[in-house]
Amino acid sequence: MAVTNTTTLAGLLPLITSEALFQANEKSLLKGLVRNFTIPAGGGAQIKVPVYANTTAAALTEGTEPTHTAISNSGVTITASEVGLVSLISDMAMRGAPQDVIRDAGKLMGEAIAAKIDADIAATFTNFSVTQGDGTTTITAAALFEAAAKLRALSVPADGMSIVLHPEIAYDVKSSITSTFAAPASEVGNSAMRNSYVGLLSGIPVYESAAIVSTSGDSIGAIFHRDAIGIAFQNDIQIETQREVGARGDKISGWATYGIGELIDAYGMELNYDSSIVS
Numbered sequence: 012m013a014v015t016n017t018t019t020l021a022g023l024l025p026l027i028t029s030e031a032l033f034q035a036n037e038k039s040l041l042k043g044l045v046r047n048f049t050i051p052a053g054g055g056a057q058i059k060v061p062v063y064a065n066t067t068a069a070a071l072t073e074g075t076e077p078t079h080t081a082i083s084n085s086g087v088t089i090t091a092s093e094v095g096l097v098s099l100i101s102d103m104a105m106r107g108a109p110q111d112v113i114r115d116a117g118k119l120m121g122e123a124i125a126a127k128i129d130a131d132i133a134a135t136f137t138n139f140s141v142t143q144g145d146g147t148t149t150i151t152a153a154a155l156f157e158a159a160a161k162l163r164a165l166s167v168p169a170d171g172m173s174i175v176l177h178p179e180i181a182y183d184v185k186s187s188i189t190s191t192f193a194a195p196a197s198e199v200g201n202s203a204m205r206n207s208y209v210g211l212l213s214g215i216p217v218y219e220s221a222a223i224v225s226t227s228g229d230s231i232g233a234i235f236h237r238d239a240i241g242i243a244f245q246n247d248i249q250i251e252t253q254r255e256v257g258a259r260g261d262k263i264s265g266w267a268t269y270g271i272g273e274l275i276d277a278y279g280m281e282l283n284y285d286s287s288i289v290s
């Protein structure tokens, strides 16, 4: 006698995976602000990123060979590891609303992995050897201009720079550029008043991310060039299913394999400040 089972998810994996990938790419802010690498198939779980030291040009004397300049580099090894989650979707849920369940499963898995990626990148901000602020004062726009000036004085390229702050810290930046949310004296202040985001300061985009850990209003953001931090993917999001007969459902497992490392320490600065709106 033929037995008809409830529909499993195997044929629906492409839809779940595409939704998860879309959500991960859309929701991960910090991934797009750092240097991305791919660990090739068969290359193990590590990648060694070469970091070249700066060289200096000098005036030449006609007819005279200049002193040779050595080109050197140091390698930064990034090791990948797995992050992910597992969910069990019951047959009743699948029969009742299969399309919604599929979309939601992919959406939630993508968002969860994106949040983990951002949290892992934000955790590297404490690795920068130069720190501005001591975690006891509020941040100002002037402090960000100062940090930008210090990095540019080190010849850090202006293109590819970013500032990332916890939303509670970004509040104080907005307050300082809008005269405490009244009578803004600049177009930047007008933008903050109209759109509730800072935009550009000193030519550098300012982003807010709740992936930064806040402890009673104290949090560590950063100003950095994309070459300061690298993320290496061994594989992007993968989805697999397993039938759970006893639970009368299908187990969905989603994961990604990546590693994060600091590449050029001098290309970033830790911003350690306290929020005025958290006691």
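Counting in the numbering used here, the sequence shown runs from 12 upward without gaps.
Glycine included, each C-beta is placed from N, C-alpha and C at the ideal position.
Environment of residue i [buried if 16+ CB atoms lie within 10 Å]
i, result
"Gly257", "exposed"
"Arg237", "buried"
"Asn283", "buried"
"Gly74", "exposed"
"Leu44", "buried"
"Gln253", "exposed"
"Ile150", "buried"
"Phe235", "buried"
"Ala70", "exposed"
Terminal residues of the beta strand (DSSP E) in which residue i lies
i, result
"Tyr218", "Ile215 to Glu219"
"Lys309", "Nothing can be reported for residue 309, as the shown portion of the chain is limited to 12 through 290."
"Ile89", "Asn84 to Thr90"
"Ile242", "Ile240 to Glu255"
"Gly107", "It is not in any beta strand (DSSP E) - Gly107 instead sits in the alpha helix (DSSP H) that spans Asp102 to Gly107."
"Tyr284", "Gly279 to Asp285"
"Val62", "Gln57 to Tyr63"
"Ile234", "Asp229 to His236"
"Leu71", "That residue, Leu71, is in no beta strand (DSSP E); it is neither H nor E in DSSP."
"Leu274", "Element bounds for Leu274: n/a, residue is neither H nor E."
"Gly210", "Gly210 to Leu212"
Three-state class that DSSP yields for residue i in the structure shown
i, result
"Ser29", "helix"
"Glu76", "coil"
"Leu119", "helix"
"Leu267", "Looking at the sequence itself, residue 267 is Ala, so the reference to Leu does not match. The answer is strand: DSSP assigns Ala267 an E or B state."
"Phe139", "coil"
"Asp170", "coil"
"Ile124", "helix"
"Ile288", "coil"
"Val14", "Bear in mind that the predicted position of Val14 carries a pLDDT of just 40, short of 50, making it unreliable; the figure below should be weighed with that in mind. Reduced to three states, the DSSP call for Val14 is coil."
"Val112", "helix"
"Asp145", "coil"
"Arg205", "Only weak support exists for where Arg205 lies, its pLDDT of 45 falling under 50; the coordinates are left without a value."
For residue i, the nearest candidate out of the options (CA to CA)
i, options, result
"Gly272", "Ala181, Ala243, Met120 and Tyr63", "Ala243"
"Ala221", "Ser230, Gly214, Ile215 and Ile150", "Ser230"
"Lys185", "Leu165, Ala152 and Glu251", "Ala152"
"Gly53", "Gln245, Tyr218 and Ile124", "Gln245"
"Ala267", "Val97, Leu40 and Leu71", "Val97"
"Leu99", "Ile223, Leu119, Ser92 and Thr90", "Leu119"
"Thr90", "Gly241, Glu122 and Tyr278", "Gly241"
"Leu41", "Glu179, Gly260, Gln249 and Pro216", "Pro216"
"Ser166", "Arg259, Lys262 and Thr67", "Thr67"
"Val288", "Thr148, Val112, Ala81 and Glu122", "Note that residue 288 is Ile in the sequence shown, not Val. It is Thr148 whose Cα lies nearest to the Cα of Ile288."
"Val94", "Ser286, Leu176 and Asp247", "Asp247"
"Ser227", "Phe156, Ala239 and Ile180", "Ile180"
Span of the alpha helix (DSSP H), counted from its first residue to its last, around residue i
i, result
"Leu162", "Ala152 to Ala164"
"Ser186", "Pro178 to Ile188"
Exercise. Is the region 85-98 close to the region 44-62, with three or more CB pairs under 8 Å?
Worked result: Enough Cβ pairs lie closer than 8 Å, so yes.
Exercise. Are the region 126-137 and the region 149-163 touching, with three or more C-beta to C-beta distances below 8 Å?
Worked result: They do not touch, by the three-pair rule.
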